[in-house]
Structures are given as C-alpha cells and as structure tokens.
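For what it's worth, the UniProt record's numbering labels the leading residue of the sequence shown as 1, then goes sequentially. C-beta atoms are modelled at their ideal positions from N, C-alpha and C, and glycine is treated no differently.
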Amino acid sequence: MVDSKDLWAGLGSALAVIVGLITMFLNIVSIRLFINRIGAFLNPYMQITIHEYEDDGVERSEFFLAVEAYLSKYCANKVPRLKAELSNDKRRTHVSVDDEQEIQDTFTDGVSGGATLQWYALTVYPSSQVIISRPGDEKRRLYRVSFHKKFRAAVLDSYLPNVFEKGRDVIAKNRQLRLYSNSAGWNTRGTDVMTCWSHVVFKHPATFDTLAMDPKVKEAIMDDLRAFKEGKDYYAKVGKAWKRGYLLFGPPGTGKSTMIAAMANFLEYDVYDLELTAVESNSVLRSLFIETTGKSIIVIEDIDRSVNITSTSKEDYGAKLTLSGMLNFIDGLWSACGGERIIVFTTNNKDKLDPALIRRGRMDRHIEMSYCRYEAFKMLANNYLHIEEHQFFELFGEIQQLLEEVDMSPADVAEHLLTKRKDTDACLKALVVALKNAKDDKDKAKAKEQVVEIHGETGGSPS
1 MVDSKDLWAG LGSALAVIVG LITMFLNIVS IRLFINRIGA FLNPYMQITI HEYEDDGVER
61 SEFFLAVEAY LSKYCANKVP RLKAELSNDK RRTHVSVDDE QEIQDTFTDG VSGGATLQWY
121 ALTVYPSSQV IISRPGDEKR RLYRVSFHKK FRAAVLDSYL PNVFEKGRDV IAKNRQLRLY
181 SNSAGWNTRG TDVMTCWSHV VFKHPATFDT LAMDPKVKEA IMDDLRAFKE GKDYYAKVGK
241 AWKRGYLLFG PPGTGKSTMI AAMANFLEYD VYDLELTAVE SNSVLRSLFI ETTGKSIIVI
301 EDIDRSVNIT STSKEDYGAK LTLSGMLNFI DGLWSACGGE RIIVFTTNNK DKLDPALIRR
361 GRMDRHIEMS YCRYEAFKML ANNYLHIEEH QFFELFGEIQ QLLEEVDMSP ADVAEHLLTK
421 RKDTDACLKA LVVALKNAKD DKDKAKAKEQ VVEIHGETGG SPS
C-alpha cells in the first residue's frame, strides 16, 4: 500500500513541474510581447487593414467596397496591373485594381508637405484544415494601408473618411439595379444543400408615370415611399427597424408585379425575388435575409400558394418552414439586421392568408390592385396610343360606361390596345367590342345563376 507521505510528495513534485511549465510559458509570451513592442517602437510606420467581410463573415463591408471604388477611380493610373470586366449592362468596360497590387496615394489636407500612403490589395486563403461551407469562403480579400505614424491623426480623422465618401459617390454613380433570385445548390464539399442568391441586371421599364392606376392612389403610394426613403432618423427616433411592409392583392393581371418594378425604379432599390419553395427551413430563410443588402425590396409573390404557412395550427411546429419563422423574418429580431428594406407580399386571395401574417405593423399598407377602371384606362390609352380623352370623346365615353359594368384586368385592356395600335380608331372600337362581349357573357352567367336558384327553390330542374 502506498504511504500517504509518498503520495503527497509525488503530487507536490507534479505541481512543481506544472507551475514551472506555466512560468516558462508566461516568460516566453512576455518576451515575445516585449520584442513586438520594441519592434513597433522602432518601426516608424503603422498599418490599417480593411477586410472584405464584416466580423460575422456574411455581409460585405461597405467600407471595403468604398475603398475598392476609390482606388479604382483615383489611383488606377498608378498601378502596373489592372483587371477589366464588362459592366452589368454589357456595354462598358469596368477597370479596377487587380489582386496582390501595391497602390500609392498622396494626401495633403491638413498635412504640411503632404503625406504618402501605400495601399496593398491582398488575398488571404484559408489553411488546408479549414472546412469550406459557403461560397466565397475559399478566399478573402483585404486592403491594407501603410503610412508614417506622425500622420496617424490626419489619416484617421480626414483621409479615411474622405476615401469612404468619394468611394461611395463612385459606387452611387455607377450603380445599376439588380434583380436577385434564390436557388438551391450544393456547397463546395458536395454534401449539404444550401440556398444562395444569384442576380441579373434589373431593366424593367415600369414607372409610376406609366402605371395604370388611379392618380390619387399612385400619389399616396409615392408619398409613402418617399417618406420611408428619407426616414432613417425618424425610424431611429421612434425605435423602429427601418423597414416597411406592403401587401399587394387583387386578381391576376391587375399589375402587382408592375407595381413592384415601379417601386424599385422610383426608390432606386434592388429587388430580391424570394422563392419560398426553395427555402427548406427557418434557418435558411434567416440566412437568405441576412445576405440581402440595404436599399432593397424583398418580394414574395403569391404567398398564399408558395408554401403551407397560412395556418397557426400545431402541425406547423413540425414543419421546417413555419409561420412563426415567417413572422420573425418580417418583424422579429432578425428583421432589424440591416436597414432600408421594403418587404412586399402579393396574393390573388387575401382572405386565404393568416391574419397574423398581414396585420398592420407587418404589412403596413394593404394596396388593392383592382380591375381596370376609367382613370386607369386613360393612362393606358396615353401610354400605348398617345391619345387624350378629348380626341375620341364618344368612344372614351362608351368605354367608360362599359368599364363600370365589366371586370377586365389592365393587362387584358393593354393587350387590346397593343394589337392594333397603328390604327387608333379601330383599336378603340375593337376594345369596345371586347368589353361588350364580356358584358354579354357576364349577363348570361348571371341569368343562368338566377334560373338555377329559382328551380332550386321550387324543387324542379332547369331544362
């Protein structure tokens, strides 16, 4: 049996060794810190690094993009190697600084004799042990600026803010609207299914000037959008996330998609077309939302038919994409990530949607996209035929009366105007005929329903 004295002696020796190792390690660390401090003291230059992605590794840094635009615009002529790409519209060449380049810039504001700064465009690759799970994780870019320590205050207080502002102006000047869509794919390991955004240039010609809609309603919508775009300080003051929800509802062909395009062009916002059938879970929905940028419209079309999220029953909790997940996406904590976003739902059947999904505060404005009425027709006639009411007063009057009695979508009216647009008189007369035929069909259907009701009450059957 081991003597207790020997046991305690052994433990004491072990503790002494451990304490010695810790002391040695701390000494080594202290020596390294001391050497680094000496090196920093002797080195007259300092560096600032701007990474491509924020700390979360998901959202691209606005500062990085501004630096990239600034260097490409103002310093590209000083770089031996550039990269050229076609712009989004495929009409112009976009030249920018290539990777692994050194760029020299000068700064004179508030600096006696001026200051010279050295920029480095660098690319960092992960080690072989890192598992890549997202596109873009295979490399990360960064910019590093080096300058003399005596210019520290001037660089931090004047130069870098100036770079940011000028770079942002360049981005705004060259910016083109984009249409994003989500799709399922495989990650770089070829195992897990993931969802990501892809984009094309957004070139839809729709504007509020050409939108076939009651002018008073259009003006109210534009005022609301304008107030939202200019409302950053107001939203912060009242403690609300800088976002707004729109519900567009109405029969097919009434211009819901055209309204979204007009909103995007009016605000100069990108459009994210979110296809819920490609979203497998609440976590994927959250990831997609985080990857959207500010100044954007997030659209879910035909939400009543996208997925079964219209019920609050207990069955939802077993689903991967749930109503609660959608609600959190609209106005939960995650909805406050980023800002200046508009969320738009469209539906043909408003009554089928769960009230919790479209209540005020989530969908702030409910806009009915109705059948074509006279004010909308006058807009279409002006857009397609370039005519006014007084030029064809009698035909316009007949069309006005028919549109009050017949439900025809703006898309159908526009199609009639488009097919014979070279002969205005024949075009309007053809529309009158189409409206009269639609009225006759409506009257026949109504008469048939009345006959069925009468026979149902008397117990007979229609012949």
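Contacts around residue i, its chain only, beta-carbon distance under 8 Å, and the 5 residues preceding and following it disregarded
i, result
"Leu122", "Asp99, Glu100, Arg141, Leu142, Tyr143, Arg144"
"Ile399", "Tyr374, Phe377, Leu428, Leu431, Val432, Leu435"
"Val124", "Lys139, Arg140, Arg141, Leu142"
"Phe392", "Thr424, Asp425, Leu428"
"Tyr45", "Ser146, Phe147, His148, Lys149"
"Thr229", "The sequence given here has Lys at residue 229, not Thr. Excluding positions up to five away in sequence, the list reads Leu267, Glu340."
"Glu275", "Ser181, Asn182, Ser183, Ser306"
Given residue i as reference, the closest of the options once Cα atoms are compared
i, options, result
"Gly253", "Asn348, Phe396, Phe63, Lys295", "Asn348"
"Gln47", "Tyr269, Ser324, Lys150", "Lys150"
"Arg365", "Pro80, Tyr74, Ala153, Arg244", "Arg244"
"Val284", "Lys216, Gly325, Ala236, Lys73", "Gly325"
"Glu415", "Phe396, Phe392, Gln450, Cys372", "Cys372"
"Ile50", "Lys78, Lys350, Val163", "Val163"
"Tyr70", "Tyr159, Gln104, Val170", "Val170"
"Ser181", "Leu288, Lys295, Asp351, Tyr235", "Leu288"
"Lys295", "Ala14, Ala381, Glu62, Phe208", "Glu62"
"Leu156", "Tyr120, Lys448, Asp109", "Asp109"
"Pro80", "Thr106, Tyr120, Phe107", "Tyr120"
"Met408", "Ile18, Pro161, Gly255, Glu68", "Gly255"
"Glu68", "Val413, Trp197, Asn437, Val97", "Val97"
C-beta contact flag for residue i and residue j at 9 Å
i, j, result
"Gln261", "His204", "According to the sequence shown, residue 261 is Ala rather than Gln. Yes, they are a contact pair."
"Tyr272", "Ile298", "yes"
"Thr292", "Arg362", "no"
"Glu268", "Arg175", "yes"
"Gly250", "Met369", "yes"
"Gly167", "Ala76", "no"
"Met379", "Leu211", "yes"
"Leu327", "Leu357", "yes"
"Tyr159", "Ala206", "no"
Own chain partners of residue i with C-beta closer than 6 Å, once the 5 adjacent residues on each side are dropped
i, result
"Ile367", "Leu248"
"Lys350", "Phe249"
"Val200", "Leu179"
"Thr106", "Gly114, Thr116"
Contacting residues, own chain, Cβ-Cβ under 7 Å from residue i (five flanking each side not counted)
i, result
"Lys439", "Leu402, Glu405, Val406"
"Ala426", "Lys420"
"Ile343", "Lys243, Gly245, Ile298, Ile330"
"Phe208", "Lys218, Met222, Ala262, Phe266"
Counted within 10 angstroms of its Cβ, other Cβ atoms place residue i as buried (16 or more) or exposed
i, result
"Glu52", "buried"
"residue 464", "Since the first residue shown for the chain is 1 and the last is 463, residue 464 is missing from the structure and cannot be characterised."
"Pro410", "buried"
"Ile22", "exposed"
"Leu385", "buried"
"Ile239", "Rather than Ile, the amino acid found at residue 239 in this sequence is Gly. With fewer than 16 Cβ atoms within 10 Å of its Cβ, Gly239 is classed as exposed."
"Leu395", "buried"
"Asp270", "buried"
9 Å Cβ cutoff, residue i in contact with chain D
i, result
"Asn348", "Within the model displayed, chain D is absent; a lone protein chain is all it includes."
Item to complete: Report the residue ranges of all alpha helix (DSSP H) runs contained in full by the stretch 165-235; include only those spanning at least 4 residues, in chain order.
Response: 215-229
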